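Colleague: I have a structure I would like to understand better, so I am pasting it below and will then ask my questions one at a time.
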Amino acid sequence: MAELELRGISKSFRDQAVLRDISLQVPDGSFTILLGPSGCGKSTLLRIIAGLDNQTSGQVCIDGTAVDHLPPAERDIAMVFQQYALYPHLSVRENLAFALTIRRTPRRVIDERIAEAAQLLDIQPLLDRKPKDLSGGQRQRVAMGRAIVRKPKLFLFDEPLSNLDAQLRTSMRIELKKLQQRLQATMIYVTHDQVEAMTLGDRIVVIEGGRIRQMDAPHRTYAAPADPFVASFIGTPPMNLWEGVLTTRDDKTVFRSNGLTVPLPARLTPPQARQESAATIGIRPEDIALRETPAAVQVDGLLELAEDLGADLLLHCRVGDLRLVVRAARRHDTVPDQTVRLFFPVDKLHLFIDNRRVDPSPTTPT
Amino acid sequence: MTRRVLLALSILATVGLSLLPFLWFVLTSFKSQGEIEAAPPGWWPSGSLEFYRAALFDHHLFDYVLNSVVVAGSTTLLALLFAIPAAYALARLTIPGKQSILAVLLCVSMFPQMAIAGPVWRLLDSLGGLNQRWGVVLPYVALTLPLAIWILASFFKELPPELEDAARVDGCGPWATLFRITLPLATPGIFTAAILILIYAWNEFFFALLILTQPEQQTLPVGIALFQGEFTMPWGELAAASVVATLPLIVVVLLCQRWIVSGLSAGAVKG
């Protein structure tokens, strides 16, 4: 168990910058998620931590010591790969024992560790099989077992659940969370799946375009996204976002976009507000109300389509030229091409100026 | 239905066409001199072993077999020794001009042997390799390397690179990764390459005839070809010797066949 620190990691392939100045601390025993769309550089970052790739600049420190000059073998890190990467010519038992055998661990210790991990992952009956005789979920367990037996300083996971079907993925996700709680190990987990990120992590690092967009507790990335990208990436369906102009006159701030006018409360007004500035405003589909709500902006929309998700409805509406999605209770009547009255509670609005979140100031009265 | 019958018939015809001459030789080798000279010739031999005795003891066939084993065996081992690291590097490392290297290799293997016979002879003459078994091994290795590298490189490329990453994280250095993970998984490719090299070196005639002029060093193809005297054509001995020369190759190929199991890496990764 250990803590990890990244100091200004950058990586370029030829002239293409993949990672730009990534600095980040992973405390001992934490479960940190690197979340981002495919191609954002998150897997490259994981490979740099493991030592499989070299960074162009910056430092990787484990327990305060720089490990940049060390090959993967000497970093005491275990990695679980997206494609499992089990050694096909070895049995499950040999797969689990492999890293320990290389390190000349005594036979007795190896047997103990394998028994322990096999019990933890419930794979005792599979020990003498070859990887090709296992199902996807079983291979995934063996891949995790191979990491667990080593008792490494750091566990790295590269989208380990993305090849499993939806049902198995959910159950493995829960098991993984339990496992982390039991092992109290430091884990870094790469995924593009925001549900995995929200449920598994103590902390989410959202990466896009090779940069850290936000580093926060999972709930904070949902409740207070740092920029429009995070706002649109976290949450299903994504937050409704509109670009427009913010006008301040006589202490009153109004946001205008095509066909939408939203008066903003004083506490959302940016302190350095200019007369007019470009801004993005957002509201989550689940925060839009269909009944009169106190302190809410009222907007009339045209219902274009209603999607029945079982538990609730997604109403796709149009306001002027803008489109928005509302998550509504199932009992709501839906008739297409009908006008619906929408209420945006002002305290649920998110405001972004220059691609940065403007946090409401708690001191200013509404 | 008619298509299947036609297909079966054409397969039979093709197989028969390739095997018939060989079958005729096998049958001839068990005949007696009288049966060979009979007109019209009969199909079934009397089962005489006279030609085998003559080939083995009068023509020193055992010496030729031994020479061929040494030459073909060392060619195979040496070619693999060079081809494996070369193919691995070409498959895995970022080397500038990698595709050109592979293309040039392919060109080398297409070079007509006749065109390089003179230079090779001169080279071996100055190296003292004429009439030495290693004198043929050298050009054999050079000529089989391109094919071996191509076969092995394509095998290495098909191995999931994640396996090697996993091995590195698990604590393997480059050599341990090669010997514990990559080579065991590339076994089918290695055996395929080995068999092709072996067959080439076992059958090669032109360089062997050029370089090995003393009977003590000659390999089977040359030795058998020289059975023929100025005025005699010992068909029976030739047939027996050909059978003896072919058998080891067939045995080796059949033995190795079980190692050439494709899909050995199944289960390593998804799908």
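Note that the protein sequences, when read in sequence, are chains A and B.
Following this note's numbering, the numbering of the first sequence begins with 1 at its first residue and continues without gaps.
Following this note's numbering, the numbering of the second sequence begins with 1001 at its first residue and continues without gaps.
For every residue, glycine included, the Cβ atom is placed at its ideal position computed from N, Cα and C.
Quantities reported herein were computed from a predicted structural model and do not represent experimental measurements.
1. Leaving out five residues before and five after B:Ala1117 in sequence, what residues of the same chain have Cβ atoms less than 8 Å from its Cβ?
2. Based on the DSSP secondary-structure assignment, which residues constitute the bridge partners of A:Met215?
3. Less than 8 Å between the CB atoms is what I'm expecting for B:Trp1301 and B:Ala1072, so what's the real figure, rounded?
4. With 7 Å as the limit, tell me which residues of the segment 1117 to 1142 of chain B have their beta carbon closer than that to any beta carbon of chain A; keep them in chain order.
5. Taking the straight line between their C-alpha atoms, what separation do you get for A:Glu307 and A:Lys151?
6. Could you list the residues in the segment 1175 to 1199 of chain B with a C-beta less than 7 Å from some C-beta on chain A, going in chain order?
7. Check for me: the alpha helix (DSSP H) holding A:Tyr189 runs from which residue to which?
8. Between which residues of its own chain and A:Gly46 is the CB-CB distance below 6 Å, once the five residues before and five after are set aside?
9. Between A:Asn240 and A:Val325, how many whole angstroms is the CB-CB distance? I'm expecting something under 8 Å.
10. DSSP three-state call for B:Phe1082: helix, strand or coil?
11. Counting only beta-carbon separations shorter than 9 Å, does A:Gln83 have a partner in chain B?
12. Check distances from the C-beta atoms of the segment 1148 to 1175 of chain B to those of chain A and list, in chain order, the residues that come in under 7 Å.
13. Just the C-alpha distance for B:Gln1099 and B:Leu1163, rounded to the nearest angstrom, thanks.
14. Throw me the rounded Cβ distance for the A:Ser10 and A:Ser57 pair, which I believe falls under 8 Å.
15. Taking the alpha helix (DSSP H) that B:Gln1218 belongs to, which residues open and close that run?
16. Quick one: Cα of A:Ala2 to Cα of A:Asp133, how far?
17. By a C-beta neighbour count over all protein chains shown, 10 Å radius and 16 as the cutoff for buried, is B:Ile1095 buried or exposed?
18. In chain B, which residues lie with their C-beta within 7 Å of the C-beta of A:Pro125?
19. In the DSSP output, which residue or residues are listed as bridge partners for A:Ser257?
20. Does the distance from the C-beta atom of B:Val1120 to that of B:Thr1075 stay below 9 Å?
21. Give the interface partners of A:Leu4 over in chain B, defined as CB-CB distance under 9 Å, in chain order.
22. Of all the options B:Ser1018, B:Leu1019, B:Glu1204 and B:Pro1045, which has the alpha carbon lying nearest to the alpha carbon of B:Lys1031?
23. Just to confirm before moving on: does the CB-CB distance between B:Val1141 and B:Ala1079 stay below 9 Å?
24. Return the chain-ordered list of same chain residues with a C-beta closer than 8 Å to the C-beta of B:Pro1146, the five sequence neighbours on each side being excluded.
25. Would A:Phe98 pass as an interface residue toward chain B - the criterion being a Cβ-Cβ separation below 9 Å?
26. Using only the alpha-carbon positions, how far apart do B:Pro1184 and B:Leu1178 sit?
27. What separation, rounded to the nearest whole angstrom, lies between the Cα atoms of B:Thr1144 and B:Ser1048?
28. Are at least three pairs of beta-carbons, each pair with one atom in the segment 216 to 236 of chain A and one in the segment 198 to 207 of chain A, less than 8 Å apart?
29. Among A:Leu309, A:Ala311 and A:Thr334, which one has its Cα closest to the Cα of A:Leu290?
30. Report all residues from its chain with a CB closer than 7 Å to the CB of A:Arg113; omit the five preceding and five following residues, and keep chain order.
31. To which residues of the same chain is A:Cys40 closer than 6 Å at the C-beta, ignoring the five residues directly before and after it?
32. Secondary structure at B:Lys1157, three-state DSSP: helix, strand or coil?
33. If you count every other CB in all the chains shown that lies within 10 Å of the CB of A:Gly187, and 16 or more means buried, which is it?
34. Going by CA-CA distance only, name the one from A:Asp321, A:Arg341 and A:Val319 that's closest to A:Ala328.
35. Around the Cβ of A:Ala118, are there at least 16 other Cβ atoms within 10 angstroms (buried) or fewer (exposed)?
36. Would you mind working out which of A:Glu74, A:Ala50 and A:Val142 sits nearest A:Ser91, comparing C-alpha positions?
Modeller: To lay it out plainly:
1. Phe1206, Phe1207 and Leu1210
2. A:Val205
3. Not covered by the structure: residue 1301 of chain B. The range shown for chain B is 1001 to 1271.
4. none
5. 47 Å
6. Ala1176, Ile1181, Pro1184 and Leu1185
7. Taken as a continuous stretch (DSSP letters only), A:Tyr189 belongs to no alpha helix (DSSP H), being part of the beta strand (DSSP E) at Met187 to Thr191.
8. Sequence inspection shows Leu at residue 46 of chain A; the Gly mentioned does not correspond to that position. Leu156, Asp158 and Val190.
9. 6 Å
10. helix
11. yes
12. Pro1160, Glu1162, Leu1163, Asp1165, Ala1166, Arg1168, Val1169, Asp1170, Gly1171, Cys1172 and Gly1173
13. 24 Å
14. 5 Å
15. Counting along the chain, B:Gln1218 falls outside any alpha helix (DSSP H), and DSSP gives it neither H nor E.
16. 35 Å
17. exposed
18. Residues of chain B passing the Cβ test: none, with the nearest at roughly 17 Å.
19. A:Leu260
20. no
21. None at all; the shortest Cβ gap to chain B is about 15 Å.
22. B:Pro1045
23. yes
24. Leu1105, Leu1106, Val1108 and Ser1109
25. yes
26. 9 Å
27. 39 Å
28. yes
29. A:Thr334
30. Leu100 and Val149
31. Ile207 and Glu208
32. helix
33. The amino acid at residue 187 of chain A is misidentified as Gly; the sequence shows Met. Classification of A:Met187: buried, given that the 10 Å Cβ count is 16 or more.
34. A:Arg341
35. buried
36. A:Val142
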